[in-house]
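So in my numbering the end of the sequence shown lands on 208, straight run, no missing numbers.
Backbone N, C-alpha and C fix where the C-beta goes; we use that ideal spot for every residue, glycine too.
Predicted, not measured: the structure shown is a model, and the values here were computed from it.
Written below as structure tokens is the structure these notes are about.
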Amino acid sequence: MQQQVSIGLDLKPQTNSGPVALAFYISPQTRSPQNELAQRYSGLRIHGGQQQFIDAMRAIEPSIERVEVLASATVPQLYLTIAGSPPLPISVLGEGMNSVANYVTAILEAADGTVLIDEIENGIHYSALESLWRQIGRSVRETNSQVVASTHSAECVAAAYRALRDTPNILRVLRLKPGTQSPAAETVANYDIEALEGAIEQNLEVR
């Protein structure tokens, strides 16, 4: 007669152990609440990341003079001073500003981790995309983090190429190709910098 044996495992984290790596997911529907965004910026400032944040925000609005956290109705928010204006809450400055603030605070906080961004171009004017990618590339290099971004914009892909072509190991584009019988992706086209350059020059589809 076979004897049944049960084994129980009690898995406990090490004392004071932290996460293996931080990860963030950002989409147009899941951006951080204003108080959380203000808190994340405060953490960056404490650790010396204030200038990186301001540089990235200036990719969208070059005339930003100052960024600060102020309490409005007891809720802390990011306020921006633009070209001598009174401080304005970032929540009234448009989708692009809020998007970039979310992206940059997440990348700088997720050192050695991963940031997933859906529809990265959402709310951002096409003329600012190259500057945005340049700042993302800089933040990624300085934090050793990884950004995985999705886009339906060919201009967004081209802007990433122009911004990052001098650092070829930092960018890779994966194009998901739908099947003939289903919209689900069946194949993946993998572009490194050289392949992406050729595809853009020949006006091939890279989205």
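A Cβ-Cβ distance of about 14 Å is found for the pair glutamate 122 and methionine 98, leaving them out of contact under the 8 Å criterion.
If you ignore the 5 residues before and after valine 116, its C-beta comes within less than 6 Å of the C-beta of Phe25, Ala107, Ile108 and Val148, all in its own chain and listed in chain order. If you compare the alpha carbons of Asn36, Glu120 and Ile194 with that of alanine 74, the shortest gap goes to Asn36.
Isoleucine 201: member of the alpha helix (DSSP H) spanning 194-202, first to last residue.
At a cut-off of 3 residues, the continuous stretches assigned as beta strand (DSSP E) that sit fully inside the stretch 21-98 are 24-27, 65-73 and 76-83. Runs of the alpha helix (DSSP H) spanning 4 or more residues and lying entirely within the stretch 98-144 occur at 130-144, in chain order. For arginine 166, the three-state secondary structure derived from DSSP is coil. The beta carbon of leucine 94 lies closer than 7 Å to those of Leu81 in the same chain, with the five residues before and after it left out. If you draw a 10 Å sphere on the C-beta of glycine 50, you find 16 or more other C-beta atoms in it, and that means buried.
DSSP places valine 207 outside both helix and strand once states are collapsed to three, so it counts as coil.
About 24 Å separates the beta carbons of arginine 32 and asparagine 145, which is beyond the 8 Å limit, so they are not a contact pair.
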